[in-house]
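Asks: Letter by letter, the sequence shown follows residues 289 to 608 of our numbering. My structure is below; once you've seen it, I'll send some questions.
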Amino acid sequence: MIDYDKNSSIYYRINNQSWKEILNNGNVLQLSSLSPNQYKIEFSNQKNGTVLQKVNFEIQKPFWETIWFFVLISILITTVIVVIYYNRLKQIKAKDNLIIDKLKLENNLNENKLKLIKAQMNPHFFFNALNTIQSYIATNETDEATNYLNKFSKLTRMILDMTDKNWITIDEEIKMQTLYLNLQKTRLSNFDFQISIKNNSIHNATLPTMLLQPYVENAVIHGLVHKMGVKNLWINFEINGQNQLEITIKDNGIGVAKANEINQKNNNKNTSFATKATLERLEIINRNNLKIAVETNELFDNNEKSGGTEVKITMDLRYE
């Protein structure tokens, strides 16, 4: 306590700011609107005089500004995404079942499209993404967790929106592949990718929904992951000499033969499932006079060693 004459004044200052007078009509100092921080209050009986007493205290952040609140919100958002994702899949299955007896061809297209979506958003990729978010939260890397979660949410939403579309534009495809590859790059941290369009006139050209995804995923997971050194993936869209849309997916990974050897050794059923679903879907599309050709070639370096894989997809130009 400070001894003072009731006819005198008491002054105080907070964190070395300017002195303010306390009127001697009570012994309580009320402070309002202080933000969370550490504070030091000093008292004197003279303005700018000798400090007679000081008090240190701290106002802590409210719960909603703490890391634990962020963790809870992140878990809640992730849970909501998972629930929406699986509910959406159930809705798609129900919708497909209703039209089985009406249009067999349309049903087959939707069924194969759903298989491709399941293959792309497989539990392995889905839970790897969640584990990455959990790892960021555990190490208090909240900015990284938020950034990854935002990208993951956008990709999930984009894929769910595409389930009702048979065709999407090249620009939409590029947005989806960029999100997917950035997520994989963040998780794997060891490859670069480039997506290019050689002809500006084809930005609005269309291609079947999810057509490229199995080939892009194979390039990353089965071509680049097992390679040592510099790893690159290229995706290019252009018009070829026959005035067709030509899409090239090329990587400098371990090549087709080595990847198949590893997949057989590991009994990787997901790869064969995605490839089979893609071939079935292409067969159905081609039956409807929409010819799409896929050519896969193994690349070799100057020493005749495997230098990666190149997939070329050609189809007639089609616009919305």
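Beta carbons: idealized from backbone N, C-alpha and C, even for Gly.
Determine the direct distance from the alpha carbon of T474 to that of N574, and round the result to whole angstroms.
Replies: Residue 574 sits at position 286 when you count from the first residue of the sequence shown. Residue 474 sits at position 186 when you count from the first residue of the sequence shown. Approximately 37 Å between the Cα atoms of the pair.
Asks: Compute the beta-carbon to beta-carbon distance between T584 and T597, rounded to the nearest angstrom, for a pair I have assumed lies under 8 Å.
Replies: As a position in the sequence shown, residue 584 is number 296, starting the count at 1. As a position in the sequence shown, residue 597 is number 309, starting the count at 1. Their Cβ separation, rounded to whole angstroms, is 7 Å, which keeps T584 and T597 in contact under 8 Å.
Asks: Taking DSSP as the reference, what is the three-state secondary structure of L319?
Replies: For this step, residue 319 is matched to residue 31 along the sequence shown. If DSSP states are grouped into helix, strand and coil, L319 belongs with coil.
Asks: Applying the 10 Å Cβ sphere with the 16-neighbour rule, what's the burial state of F331?
Replies: Along the sequence shown, read from residue 1 onward, the residue named residue 331 stands at position 43. Buried.
Asks: Specify whether the stretch 449-467 and the stretch 415-426 touch according to this definition: at least 3 beta carbon pairs, one from each stretch, less than 8 Å apart.
Replies: At 8 Å Cβ cutoff, the stretches do not touch.
Asks: Excluding the five sequence neighbours on either side, which residues of its own chain have a C-beta within less than 7 Å of the C-beta of I580, listed in chain order?
Replies: Taking the sequence shown and counting its residues from 1, the one referred to as residue 580 is at position 292. Cβ within range, chain order: L570, I573, N574, I601 and M603.
Asks: Which same chain residues end up closer than 8 Å to V504 when comparing Cβ atoms and leaving out the 5 residues on each side of it in sequence?
Replies: If you number the sequence shown from 1, residue 504 lands on position 216. So the list reads Q465, Y468, L469, L521, I523 and I537, once near-sequence residues are dropped.
Asks: Quick one: what does DSSP say D480 is sitting in, helix, strand or coil?
Replies: Counting from one through the sequence shown, the residue named residue 480 turns up at place 192. Residue state, collapsed to three classes: strand.
Asks: Could you tell me which whole beta strand (DSSP E) segments of length 3 or greater appear in the stretch 501-536?
Replies: Counting only runs of 3 or more, we get 520-527.
Asks: Taking the alpha-carbon positions, what's the K406 to N438 distance?
Replies: For the purposes of this step, residue 406 is taken as residue 118 along the sequence shown, with counting starting at 1. For the purposes of this step, residue 438 is taken as residue 150 along the sequence shown, with counting starting at 1. Summary for K406: the model assigns pLDDT 49, below 50, so the residue's position carries little reliability, and this model does not support an answer.
Asks: Spatial neighbours of E346 within its chain, please: C-beta separation below 6 Å, excluding the five flanking residues on both sides.
Replies: Counting from one through the sequence shown, the residue named residue 346 turns up at place 58. Closer than 6 Å at Cβ, skipping near neighbours: Q326.
Asks: Within 10 Å of its beta-carbon, does S594 have 16 or more other beta-carbons around it, so buried, or fewer, so exposed?
Replies: Within the sequence shown, the letter at position 306 stands for residue 594. S594 should be labelled buried.
Asks: Tell me whether F440 is buried or exposed, calling it buried when 16 or more other Cβ atoms sit within 10 Å of its Cβ.
Replies: Taking the first residue of the sequence shown as position 1, residue 440 is located at position 152. Result: buried.
Asks: Determine the DSSP secondary structure at I574, reduced to helix, strand or coil.
Replies: Counted from its first residue, the sequence shown places residue 574 at position 286. The sequence as given places Asn at residue 574; Ile does not occur at that position. The answer is helix: DSSP assigns N574 an H, G or I state.
Asks: What does the alpha-carbon distance come out to for the pair P496 and E568?
Replies: On the sequence shown, residue 496 is found 208 positions in, with the first residue counted as 1. On the sequence shown, residue 568 is found 280 positions in, with the first residue counted as 1. Approximately 13 Å, taken between the alpha carbons.
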